Structure formats: C-alpha cells, structure tokens
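Peer 1: The number in the numbering used here is simply the position in the sequence shown, starting from 1, with 185 added.
Glycine is no exception: its CB is placed at the ideal position from the N, C-alpha and C atoms.
Predicted model only: the values in this text are computed from it and were never measured.
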Amino acid sequence: MSNEFSDSALKVESGLLPIRLPSQYPHLSSKDPAVHGMTDFTRKLPFSVGPERSTDEALADMVRFGVRALLVVCGDSVIGLITSYGIENAGKPAGSVRVGDVMTPWNDLPTVDWSTIQSSRIADLLEIFHGIGVMHLLVVEGRDGIGPTMVRGLVSRARIEDRLTKADALPYEYQKAG
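1) Whose C-beta lies closer than 6 Å to the C-beta of Gly265 among residues of the same chain, with five residues either side of it excluded?
2) Helix, strand or coil: which one does DSSP assign to Arg348?
3) Which partner residues does Arg306 have in the DSSP bridge list?
4) According to DSSP, simplified to helix, strand and coil, what is Arg249?
5) Report the option in Leu244, Gly260, Cys259 and Lys229 whose CA atom is closest to the CA atom of Arg253.
6) Within the same chain, show all residues whose beta-carbon is closer than 7 Å to that of Ile302, passing over the 5 residues directly before and after it, in chain order.
7) Starting from the Cα of Gly318, find the closest Cα among Glu326, Asp246 and Leu294 and give me that residue.
In structure tokens:
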C-alpha cells in the first residue's frame, strides 16, 4: 500500500483512537456554568460502542479512553448507555455478555435539555444527580417535537466531583446525603 505523499509502502494493520485531552475547564466551582461540567459532543467526539460487542471489550475501551460510560449506537442512532458500574453489577458471567444485554436503553436514560444546561450552574447539576441518584446525564437538544432529538453531550457526576476545587467543597447537605 502506498499513498500519494510518499513512495514508501505503509505496513499498518490497525490504528488507535487518540487519548482524550484534559478538560478545557480542569477545575470547577459550584458557581460555574453547567456547560463547563459537560462533555460537549459538538466539540469532542463521543466514545461509543455497538450493542453486539462484548462487555469485556466495552470495559477495555472505557479503560483505554479514560471514561466510565459509552454511548451505545446502532447506525446513527443512540439506543442506550453502558457504564462500567452497570457491567460490573450485571451479575452475568464475563465474556459471554453483549453490551445490548446490560445497557440502559434510550427510554430509561436520564436526560436534561440543552437549554436547561445553558442556564444552570454546577451546583444545579449536583442537585439533580443527588435527587435522582444517577451517575450520568445525557444532554439532549430538540425534544420539542421539531426534528429528531440530538444527543448534545454527557455530564458525569464523578468527573464533576473530581474537578471541584478543594476550596469549593460539596455543600454540607450534599455530602451528608450523598
């Protein structure tokens, strides 16, 4: 195999995806805009997996990419979300389980509208996480019946908590209940 840029043959059997760069906002305060705590898929490509892949492969991808969740996609459609926690607590033998068997399906995913994210703060996201007891929120756009719903981004509770500055510790009532 050669290319138009050189006469030497390329001997490449596969390629790797790049490792995700650190966040644009490495440190967060509870007063920061909520968009600072979100992975925006218009700026960074989401990590995804097909429903037919094994959970072992999905978990290995999560470790390699440094994430705890993958969107489950079929063609151009997001059909669910798989998390490392969900895989580890599936109670099924490793290696024989497909992602589609243990993912959280689309209709059961907690979502927040893009317009809400734009007008919220990090503290508001923490209240949502605490109130519904989940680790991830999908940010969606276009749920008002005009066109398809677009998955705009993902918010990870653990990522936000890891990035909160020490001076801006979690509110007492959140620490106590969480």
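Peer 2: Taking the geometry as given:
1) Excluding positions up to five away in sequence, the list reads Val257, Met288, Thr289, Pro290 and Trp291.
2) DSSP places Arg348 within a helical segment (H, G or I) once states are collapsed to three.
3) Answer is Pro218, bridged to Arg306.
4) Under the three-state reduction of DSSP, Arg249 is assigned to helix.
5) Comparing Cα-Cα distances from Arg253 to each of Leu244, Gly260, Cys259 and Lys229, the minimum goes to Leu244.
6) Ala219, Val220, Met223 and Val324, listed in sequence order.
7) Comparing Cα positions, the closest option is Leu294.
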